[in-house]
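Have a look at the structure below, then the notes.
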Amino acid sequence: MPPSIKARYPLTWRVMDALEWLADRLWPRSMSRHTGWLLIAPSLIIVGSLVVGMIEIADTSLRTLDTATFRMSESYSLANYQKLATSDVYLTVAWRSLLGAVLTTALTLILAFPYAYIMVRTRSAAARKALLICLFLPFFIGQVVRAYGWLIILGNDGIINQATGLIGLDPHRFLFNFPAVVFGLVQYMLPFAVLMLAPALTAIPEEVETAAKSLGASWPRTMRHVVLPMARPGLIGAGLVVLTLSLTDFAMPAMLGGGSQDFIANAIYDQFFRTSDAGLGAALTLLLVMGGTFLVGVVLSVFGAGTLAAGRRA
Amino acid sequence: MISASQRFWFWAIVWVSVVTLSAPTVVVLGASFTAGNIIAFPPEGLSLRWYEKIALARDLQQAFLRSLIVSSICMLIAVPAGTLAGIALARYQLRCFNGVQMYLLLPFTIPLIGSGIGLMMMFGRLGALGSLWPVGFACAVINLPFIIWSVSASAAQLDPDLEHAAANCGAGRVQTFLYVTLPAVMPGVITGSLLMFILAMNEFLVSLLLVDARTVTLPVQIYNSIRSIITPDLAAVSVVFIVMAALAIAFLDRLVGLEIFLKSK
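Those protein sequences? They're chains A and B, same order as listed.
Reminder that position 83 of the first sequence reads as 161 in the numbering used here, one-by-one numbering, no gaps.
Reminder that position 140 of the second sequence reads as 184 in the numbering used here, one-by-one numbering, no gaps.
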């Protein structure tokens, strides 16, 4: 008996036919206008979990903790927000976070600008590659391991103190103070800032600088009057991202601050996991989210989504 | 041309940055090979004893395994969803395009502590805390914009006529997608997957919020151990992260070239 015609088709053809048949049943061609929405739906749903989370936080922030039963109240009130507004503790923490974030931003930009400039302008491909690797390696290693490295270097029994001990100096306490946290944040933020600045510097034609110099401007004047103004969108964008990320950071204050230098995120963590006052923690979280989202919203609306924008041909 | 004095000052600052960026990595690598019981300077000779020790430590191994599981779950969720979304954003006309784009950037605009607490409450209500998939899901959510961005950058470069040609030759929609669209965006998919894997592997804060004592991931395990005394076994564990980061960079460089991050729009 001869084999049926159908069996002689390769298997992949038949699988493909079945898939096409299935696609036509599940998503008829008349719907193809909406295919874009079909493709994007999973991501919309996944990100929706953050919206659900925000609603949960908002709901909890309006309930107060009953200290007798350790249960959250059934009724809503603004008591948590009142408590936050009148408490000196949170004002101190908020002030410390803001000061830390502003200092971090300034120092990071001072370090990031020459780095990005040299990386973009250098003629040596090898130097450029090496600078890029120095940026990506710490970025991919993660905060915890990097903070651990700094503990080894700067700790009371750390490498520096042991080395200075050899020449008879008394140990110096580098860690667990405010400058240590700011330092930790700066080294953590540097890759972000450089990677946001570099495209802005690439966009500045080198001829503009040459022109300024041929007209007699020294390099500091060329920087101040030509390059910095032209790089301003990149500088402000990088600055705001560094500001928000360091304002809301948890790991550096926790690991290099040693518990005495809490930022807002650490205070939130303590409310949930030490004091167990979820209502107060949620109110604090919501205020931070609103502040942080506002800052990033400013970045996105002023500069567009930049490199984060979907790669759409304009 | 960069003048000599400018070169001097700029390179001086760059060297400060390079040392600051690299010092923790170098020191952790060095400390992991020490022969002594504590991390000392000058080092007390070379040995692999701490690697031997972590090879026998069950808690570290299990934390590492859990981190791998979390990363895999993160990729399983984020790679398909992000790929489809990246293609949709680059190739389909969507209404309220800007609104959709802003919405998909929510994981970046909401501070991590906020996302983490929100997801913790949501999964707590669902009674899912204590297993690993919520951690993987959370890592997928907070890093989703990375893969959407990398896929849509690839998709934007695909000539739409290629898809039309495939359809013209009789390919159906599924076939066109599998044989034309998907291969074209593959570089973006692989770059994005790599980022998702390494970021989920490293994720600390969101892991810390979503794990309990039985499900700690490796970064959380390291963080918890640091609290007590600093011993070289943690340095040996950290080398795992350094090796993975180096591999990821090598892949990324081969695949798309690191210089892509310098391009201006």
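Think of the CB as a built atom: it goes at the ideal place given N, C-alpha and C, for glycine as much as any other residue.
Note that the structure is predicted; figures quoted are calculated from it, not measured.
Query	Result
Cross-chain neighbours of residue 120 (chain A) in chain B, by beta carbon under 8 angstroms	124, 125, 128, 129
Residue closest to residue 269 (chain B), alpha-carbon to alpha-carbon, out of A:179, A:229, A:105	A:229
Min CB distance residue 285 (chain B) to chain A below 8 angstroms	yes
Residue range of the alpha helix (DSSP H) that includes residue 141 (chain A)	Looking at the DSSP string, residue 141 (chain A) is not in any alpha helix (DSSP H), and its letter there is neither H nor E.
Whole-angstrom C-beta distance between residue 362 (chain A) and residue 168 (chain A), which should lie under 8 angstroms	7 angstroms
Residue 169 (chain A): CB within 7 angstroms of a non-hydrogen atom of the ligand SAH	The ligand SAH is absent from the structure shown, which contains no ligands of any kind.
Between the CA atoms of residue 329 (chain A) and residue 150 (chain A) - distance to the nearest angstrom	29 angstroms
DSSP three-state assignment for residue 86 (chain A), whether helix, strand or coil	helix
Whole-angstrom distance between residue 108 (chain B) and residue 233 (chain A), CA atom to CA atom	26 angstroms
The stretch 169-188 of chain B in contact with the stretch 141-155 of chain B per 3-pair CB rule at 8 angstroms	yes
Secondary structure of residue 149 (chain A), DSSP reduced to three states	strand
Residues near residue 243 (chain B) by beta carbon distance below 6 angstroms, same chain, minus five either side	187
Beta-carbon neighbours of residue 217 (chain B), restricted to chain A and to distances below 9 angstroms	98, 101, 102, 105, 107, 110, 113
First and last residue of the uninterrupted alpha helix (DSSP H) at residue 250 (chain A)	Unbroken run through residue 250 (chain A): none, as it is neither H nor E.
Limits of the unbroken alpha helix (DSSP H) element including residue 97 (chain B)	93-100
Rounded Cβ spacing between residue 69 (chain B) and residue 215 (chain A) (contact assumed at less than 8 angstroms)	6 angstroms
Own chain partners of residue 274 (chain B) with C-beta closer than 8 angstroms, once the 5 adjacent residues on each side are dropped	82, 83
For residue 201 (chain A), the nearest candidate out of A:219, A:284, A:262 (CA to CA)	A:284
Minimum Cβ-Cβ distance from residue 119 (chain B) to chain A less than 8 angstroms	no
C-beta atoms of residue 341 (chain A) and residue 93 (chain A) nearer than 8 angstroms	no
Min CB distance residue 52 (chain B) to chain A below 8 angstroms	no
Min CB distance residue 303 (chain B) to chain A below 8 angstroms	yes
Cβ neighbour criterion (16 or more within 10 Å) applied to residue 359 (chain A)	buried
Residue 229 (chain B) at chain A interface by Cβ criterion, 8 angstroms	no
CB contact check: residue 187 (chain B) to chain A, cutoff 8 angstroms	no
CB contact below 8 angstroms: residue 387 (chain A) versus chain B	Here residue 387 (chain A) scores only 44 on pLDDT, less than 50, and its place in the model is too uncertain to base an answer on.
Interface positions of the stretch 235-251 of chain B facing chain A (Cβ-Cβ less than 7 angstroms), listed along the chain	242, 246, 248, 249
Same chain, Cβ closer than 7 angstroms to residue 317 (chain A), neighbours up to 5 away in sequence not counted	183, 187
Chain A contact for residue 11 (chain B) (CB, 8 angstroms cutoff)	Examination of residue 11 (chain B) is not possible in this model, given that chain B is present from 45 through 309 alone.
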